[in-house]
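Visitor:
2 protein chains.
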Amino acid sequence: MTNHSYPSKLLEEAVEQFSRLPGIGRKTAFRLVFHLLRRPVDEVDSFSHAIVQLRKNVKYCKQCNSISDDEICMVCADHSRDQSVVCVVESIKEVISIEATGQFSGVYHVLGGLISPIDGVGPSDLSIELLESRLSSGTIKELILALSPTPEGDTTAFYLFRKFEKYSLTFTTIARGIPIGDEIEYTDSLTLGKSILHRVPFGYGKD
Amino acid sequence: MTNHSYPSKLLEEAVEQFSRLPGIGRKTAFRLVFHLLRRPVDEVDSFSHAIVQLRKNVKYCKQCNSISDDEICMVCADHSRDQSVVCVVESIKEVISIEATGQFSGVYHVLGGLISPIDGVGPSDLSIELLESRLSSGTIKELILALSPTPEGDTTAFYLFRKFEKYSLTFTTIARGIPIGDEIEYTDSLTLGKSILHRVPFGYGKD
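Chains A and B supply the protein sequences, listed in that same order.
Each residue of the first sequence is one higher than the one before, starting from 1464 at the first, in our numbering.
Each residue of the second sequence is one higher than the one before, starting from 1464 at the first, in our numbering.
1) Any Cβ of chain A within less than 8 Å of the Cβ of Phe1520/B?
2) May I ask you to list, following chain order, the residues of the stretch 1511-1535 of chain B that have a beta carbon less than 7 Å from some beta carbon of chain A?
3) Leaving out five residues before and five after Cys1524/B in sequence, what residues of the same chain have Cβ atoms less than 7 Å from its Cβ?
4) For Ser1482/B, go through chain A and note every residue whose CB falls closer than 8 Å to its CB, in chain order.
5) What is the C-beta distance between Ile1514/B and Leu1499/A, in whole angstroms, given that I count them as a contact (C-beta under 8 Å)?
6) Do Ser1529/A and Pro1470/B have their beta-carbon atoms positioned less than 8 Å apart in this structure?
7) Counting only Cβ pairs nearer than 9 Å, list the residues of chain A close to Leu1598/B.
8) If you draw a straight line from the alpha carbon of Thr1635/B to that of Val1549/B, how long is it in whole angstroms?
9) Hey, quick one: how far does the alpha helix (DSSP H) through Val1496/B stretch, first residue to last?
10) Measure from the C-beta of Lys1472/B to each C-beta in chain A and report whether the shortest distance is under 8 Å.
11) Identify which residue in Arg1639/A, Thr1650/A, Gln1480/A and Pro1580/A has its Cα closest to the Cα of Tyr1622/A.
12) Since Val1558/A meets chain B, which of its residues come closer than 8 Å, beta carbon to beta carbon?
13) Quick one: using the 10 Å Cβ neighbour count with 16 as the cut-off for buried, is Phe1665/B buried or exposed?
14) If you follow the alpha helix (DSSP H) that His1512/A is part of, which residue opens it and which one closes it?
15) I'd like the list of long-range same chain contacts for Arg1405/B, defined as Cβ closer than 8 Å, with 5 residues on each side in sequence excluded.
16) Can you say whether Ala1563/A is buried or exposed, counting buried as having 16 or more other CB atoms within 10 angstroms of its CB?
17) When you compare only the Cα positions, how much space is there between Glu1648/A and Ala1477/A?
18) Apply the 10 Å Cβ neighbour rule to Val1507/B and answer buried if 16 or more other Cβ atoms are within range, or exposed otherwise.
19) Can you check whether the C-beta of Pro1485/A is within less than 8 Å of a C-beta belonging to chain B?
20) Which parts of the stretch 1518-1591 of chain A are runs of the beta strand (DSSP E), unbroken and 3 residues or longer, counting only runs that do not cross its ends?
21) Buried or exposed: Gln1566/A, going by 16 or more other Cβ atoms within 10 Å of its Cβ?
22) What is the residue span of the beta strand (DSSP E) that Glu1605/A lies within?
23) Less than 8 Å between CB atoms is the rule here; does Ile1555/A satisfy it with respect to chain B?
24) On the DSSP bridge list, what partners appear for Phe1481/B?
25) How close, in whole Å, do the beta carbons of Ala1609/B and Val1552/B come, if the pair is a contact with beta carbons under 8 Å?
26) Establish whether the CB of Ser1547/A and some CB of chain C are separated by less than 8 Å.
27) Give the C-beta separation of Thr1633/B and Glu1605/B to the nearest angstrom, bearing in mind that I take them to be a contact with Cβ-Cβ under 8 Å.
28) Given that a residue counts as buried once 16 or more other Cβ atoms are within 10 Å of its Cβ, and exposed if not, what is Ile1643/A?
29) In the structure shown, what three-state DSSP assignment does Phe1624/A receive?
30) Taking just the CA atoms, how far does Val1573/A sit from Ile1555/A?
31) Do you know offhand how far Asp1408/B's Cα is from Asp1541/A's?
32) Within the continuous beta strand (DSSP E) that includes Thr1636/B, where are the two ends?
33) Anyone know if the C-beta pair for Leu1598/A and Tyr1630/A falls short of 8 Å?
34) Measuring straight from C-alpha to C-alpha, what distance separates Leu1589/B and Phe1481/B?
35) What residues of chain B sit near Leu1499/A, judged by a beta carbon separation below 9 Å?
36) Against chain B, does Ala1620/A count as a neighbour if the rule is that its beta carbon must be under 8 Å from one of theirs?
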């Protein structure tokens, strides 16, 4: 008896493609493919089109290295944003997260990674030269180093600080503290320690 | 200040498309899109192509209604399979699961759903006429009703039994019992009851 793990090669190929995505196993891949199979052809076309269009036509902002549809991204092109305050982030993921807070009126600089000798990522692999050219124009007053509190994030932040301290800039970093809703009792001591060291006047941030 | 939830419309559209898939939220959708963004263009093309090809060229086997690349699916076309034993299933999901066991040498019939008055699915919405035409050819000796033990599955199984009992057929259903590895103590009483009622000779199924 011959066993037919998939009744269709087309089906098998589609499942195979989906299961290459991160965090998608074969069962989930099959479920997604099965869903698409039952959708109208034009809907499946739109799905496929959106992905290919993004990959083929994606641009990176010539000022901040964020993903953009044009030469300059929407944030950099927005005159209501404060161009003198630049928030340095690892990737567009952080741009999207910070934009979602609605609390930041400056602009961004997307490094495209973090310095990580283990992974062979050095300063020249990141958009640090582009950042220096922005700084040398003299319009930037504050650099917010909004990098993850990991060895790679800390190394990168320190590297940027040493490299750019010659410019007359204010260097800041995002506040570490107890997340809203969390209980003091269950907060790790490193975070709790930072939250005491960096305490703020009572009533601050109530806006 | 204008807020830019996504720095790119292309990115937003791709995330939107992914988040329409079942069980994929916006965060997961973004993670998947971000992954594809960093893959080579031809890899993203292959992904997109596989999905569109499947949707546009998918065929349904004229004999068993399973997904197929040709008029007749690989299982039905396989002469090493016993064409006299037909396993009736809800969808191709069950075909794939049963094929994966390597324990079934017969063929299938895919109903394409279950009778469910609440969802407006009646017998005429399923491939029951096609099954009857197969039965009237006289080559089929056994019908395995491998439907889920839900009200819809039971209703459909009973409907098929009543409709086709006029043919000289053996009707069977898949065994219910304690899954291998499960403990008797924690098995629900309905399953445990079935497993005692349908007990089999000791040593059976050791192959």
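Glycine included, each C-beta is placed from N, C-alpha and C at the ideal position.
Guide: Taking the geometry as given:
1) Position 57 of the second sequence holds residue 1520/B. The displayed chain sequence assigns Asn, not Phe, to residue 1520/B. Closer than 8 Å: yes.
2) Flagged, chain order: Ser1511, Ala1513, Ile1514, Val1515, Gln1516, Leu1517, Arg1518, Lys1519, Asn1520, Val1521, Ser1529, Ile1530, Ser1531 and Asp1532.
3) The residue given as residue 1524/B occupies position 61 in the second sequence. Excluding residues up to 5 positions away in sequence, Ser1531, Ile1535, Cys1536 and Cys1539 lie with their Cβ nearer than 7 Å to the Cβ of Cys1524/B in the same chain.
4) Position 19 of the second sequence, counted from the first residue, corresponds to residue 1482/B. The contacting residues do not exist; Ser1482/B stays about 11 Å from chain A at best.
5) The sequence position of residue 1514/B within the second sequence is 51, counting from 1. The sequence position of residue 1499/A within the first sequence is 36, counting from 1. Cβ-Cβ separation between Ile1514/B and Leu1499/A: approximately 6 Å, consistent with a contact (criterion under 8 Å).
6) Within the second sequence, the letter at position 7 stands for residue 1470/B. Within the first sequence, the letter at position 66 stands for residue 1529/A. With contacts defined as CB atoms closer than 8 Å, Pro1470/B and Ser1529/A qualify as a contacting pair.
7) By one-based count along the second sequence, residue 1598/B stands at place 135. None at all; the shortest Cβ gap to chain A is about 21 Å.
8) Indexing the second sequence from 1 puts residue 1635/B at position 172. Indexing the second sequence from 1 puts residue 1549/B at position 86. The straight-line gap from Cα to Cα measures roughly 10 Å.
9) To locate residue 1496/B, count along the second sequence from 1; it is residue 33. Run containing Val1496/B: Arg1489 to Leu1500, per the alpha helix (DSSP H) assignment.
10) Working through the second sequence from its first residue, we reach residue 1472/B at position 9. At a cut-off of 8 Å between beta-carbon atoms, Lys1472/B makes contact with chain A.
11) As a first step, residue 1622/A is located in the first sequence; it is residue number 159 there, counting from the start. Closest in alpha carbon position to Tyr1622/A, among Arg1639/A, Thr1650/A, Gln1480/A and Pro1580/A, is Pro1580/A.
12) Within the first sequence, numbered from 1, the residue matching residue 1558/A stands at position 95. Contact annotation for Val1558/A against chain B: Pro1470 [CB-CB distance below 8 Å, chain order].
13) In the second sequence, the residue the question calls residue 1665/B occupies position 202. It counts as exposed.
14) Taking the first sequence and counting its residues from 1, the one referred to as residue 1512/A is at position 49. Per DSSP, His1512/A belongs to the alpha helix (DSSP H) from Val1504 to Asn1520.
15) This structure cannot settle anything about residue 1405/B, because the visible part of chain B is limited to 1464 through 1670.
16) As a working mapping, residue 1563/A is identified with position 100 in the first sequence. An exposed status is given to Ala1563/A, since fewer than 16 other beta-carbon atoms sit within 10 Å of its beta-carbon.
17) Here residue 1648/A refers to the residue found at position 185 of the first sequence. Here residue 1477/A refers to the residue found at position 14 of the first sequence. Rounded to the nearest whole angstrom, the C-alpha separation of Glu1648/A and Ala1477/A is 49 Å.
18) Taking the first residue of the second sequence as position 1, residue 1507/B is located at position 44. Burial state of Val1507/B is buried, judged by a 10 Å Cβ sphere holding 16 or more other Cβ atoms.
19) The residue labelled residue 1485/A in the question sits at position 22 within the first sequence. Answer yes: the Cβ-Cβ gap between Pro1485/A and chain B drops below 8 Å somewhere.
20) Listed in chain order, they are 1545-1552 and 1569-1573.
21) Translated into the one-based positions of the first sequence, residue 1566/A becomes position 103. Gln1566/A is exposed by the Cβ-count criterion.
22) Locating residue 1605/A in the first sequence gives position 142, counting from the first residue. Looking at the DSSP string, the run of the beta strand (DSSP E) that includes Glu1605/A is Glu1605 to Leu1608.
23) Position 92 of the first sequence, counted from the first residue, corresponds to residue 1555/A. True, the Cβ-Cβ gap to chain B drops below 8 Å.
24) Numbered from 1 along the second sequence, position 18 holds the residue referred to as residue 1481/B. Partner(s): none; Phe1481/B has no beta bridge.
25) Along the second sequence, one-based indexing puts residue 1609/B at 146. Along the second sequence, one-based indexing puts residue 1552/B at 89. With 8 Å as the limit, Ala1609/B and Val1552/B qualify as a contact, their Cβ atoms being about 5 Å apart.
26) Here the protein chains are A and B, and chain C is not one of them.
27) For the purposes of this step, residue 1633/B is taken as residue 170 along the second sequence, with counting starting at 1. For the purposes of this step, residue 1605/B is taken as residue 142 along the second sequence, with counting starting at 1. About 4 Å; that satisfies the 8 Å criterion.
28) Here residue 1643/A refers to the residue found at position 180 of the first sequence. Taking every protein chain shown into account, the CB of Ile1643/A has fewer than 16 other CB atoms within 10 angstroms, so this residue is exposed.
29) Position 161 of the first sequence, counting from 1, holds the residue named residue 1624/A. DSSP places Phe1624/A in helix when its eight states are reduced to three.
30) Start at 1 with the first residue of the first sequence, and residue 1555/A comes out as number 92. Start at 1 with the first residue of the first sequence, and residue 1573/A comes out as number 110. Straight across, the Cα-Cα distance linking Ile1555/A with Val1573/A is about 7 Å.
31) What is shown of chain B runs 1464 to 1670, which leaves residue 1408/B out entirely.
32) The residue labelled residue 1636/B in the question sits at position 173 within the second sequence. Here the beta strand (DSSP E) through Thr1636/B covers Thr1633 to Thr1636.
33) As a first step, residue 1598/A is located in the first sequence; it is residue number 135 there, counting from the start. As a first step, residue 1630/A is located in the first sequence; it is residue number 167 there, counting from the start. Pairing Leu1598/A with Tyr1630/A gives a Cβ-Cβ distance under 8 Å.
34) The residue you call residue 1589/B lines up with position 126 of the second sequence. The residue you call residue 1481/B lines up with position 18 of the second sequence. Rounded to the nearest angstrom, the gap between the Cα atoms of Leu1589/B and Phe1481/B is 30 Å.
35) Numbered from its first residue, the first sequence carries residue 1499/A at position 36. Neighbours of Leu1499/A in chain B, taken as residues whose beta carbon is under 9 Å from its own, are Leu1484, Ile1514, Leu1517 and Arg1518 in chain order.
36) Taking the first sequence and counting its residues from 1, the one referred to as residue 1620/A is at position 157. No, Ala1620/A lies away from the interface with chain B (no Cβ there is under 8 Å from its Cβ).
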